[in-house]
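Reviewing the structure listed below.
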Ligand SMILES: [Fe+2]
Ligand SMILES: [Fe+2]
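In this note's numbering, the protein residues as written are 356 to 699.
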């Protein structure tokens, strides 16, 4: 649409007549005698070009451009100003007027300038649309990659689960408990989700643990326990070196989820805050769920018994802040406990 503004109705008729030649398909001419009416129209419509007179009553051409720019702040809509006054041109250029026509308007000059500016605006719009399209495509592709990462993690965790007696909803529950702890510690939503999504891989290293040890119903003897402990380092070896934040966080969790706050854990005997926060968080989520689940060698503890265990071992096995965080979210803990109950 070409928006034409001129106080003089005869001029509008003339422009209408002259611009019939440049009328591209579906390009309309919208004419206003009053700049105020034209502005009102602009609140609902976006023209492709504005042809306006400088000397108008109620608002001159420059004032109109100023007001127009406050409606279409980031737009490149071209203006052609018709003026007999040379000294307004500088100010008009500053405001973004693209071209001028002297009065009386020369027919071929008007047609040429309007045609060129329309073409320019069209290509600018096409570039902007293309940039927008590209940004959307990049966003879509990034989301797809993230989804695939998550899928890979779920599938990898499922593979490990087939060899691990810790089946059922253990991974879902421990990941959700861990997210609660992260939330209570004041971590951002993104960090909470990172914990939730990477926690299920904490025991992936068990794929390398021999069946005789992994599936043993009784208590492990000392040498067997030493082999079992390798799953932390093995998990790290499987997951480390990735550019993905999700997988590298999972690698850190795999390595550090058996470290203890007082330094008596494994594999590296890290102490206190030497243990990465994600490792301290899932240590609480993982043990709380292991205690409240039944295993071949033990009955399930009640949630109260498990909470007492966490409290008793707060500061020795567990980071006290993480224990407190889980206890603070007790209502949500019970919700996860009942929602993902195993049926065996
Ligand atoms: Fe483990
Ligand atoms: Fe676990």
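Where is the CB? At the ideal position from N, CA and C, for every residue including glycine.
Let me know the secondary structure DSSP gives residue i once reduced to three states.
i, result
"residue 583", "helix"
"residue 571", "coil"
"residue 501", "helix"
"residue 635", "helix"
"residue 358", "strand"
"residue 408", "strand"
"residue 649", "coil"
"residue 619", "coil"
"residue 382", "coil"
"residue 425", "helix"
"residue 398", "coil"
"residue 669", "strand"
"residue 469", "helix"
"residue 630", "coil"
"residue 692", "helix"
"residue 432", "coil"
"residue 478", "helix"
What's the gap between the Cα of residue i and the Cα of residue j?
i, j, result
"residue 596", "residue 603", "7 Å"
"residue 653", "residue 496", "47 Å"
"residue 582", "residue 590", "13 Å"
"residue 552", "residue 636", "13 Å"
"residue 538", "residue 578", "39 Å"
"residue 605", "residue 660", "29 Å"
Identify the residues that DSSP records as bridge partners of residue i: which are they?
i, result
"residue 438", "457"
"residue 677", "In the DSSP output, where bridge partners are listed per residue, residue 677 has none listed."
"residue 387", "360"
Beta-carbon within less than 6 Å of residue i's beta-carbon, same chain only, minus the 5 sequence neighbours each way: which residues are those?
i, result
"residue 462", "373"
Taking 8 Å as the limit between beta carbons, can you name the residues of its chain near residue i, skipping five residues before and five after?
i, result
"residue 587", "560, 609, 610, 611, 612, 613, 621, 622"
"residue 455", "435, 436, 437, 438, 444, 447"
"residue 412", "362"
Which residues in the same chain as residue i place their Cβ atom closer than 7 Å to its Cβ, once the five residues preceding and following it in sequence are excluded?
i, result
"residue 683", "539"
Counting beta carbon pairs with one atom in the segment 381-389 and one in the segment 420-431, are three or more of them shorter than 8 Å? no
For the 8 Å Cβ check, are there 3 or more pairs between the segment 616-630 and the segment 660-667? no
Taking contact to mean at least 3 C-beta pairs separated by less than 8 Å, is the segment 358-367 in contact with the segment 396-416? yes
Three-pair Cβ contact test at 8 Å for the segment 667-683 versus the segment 554-571: no
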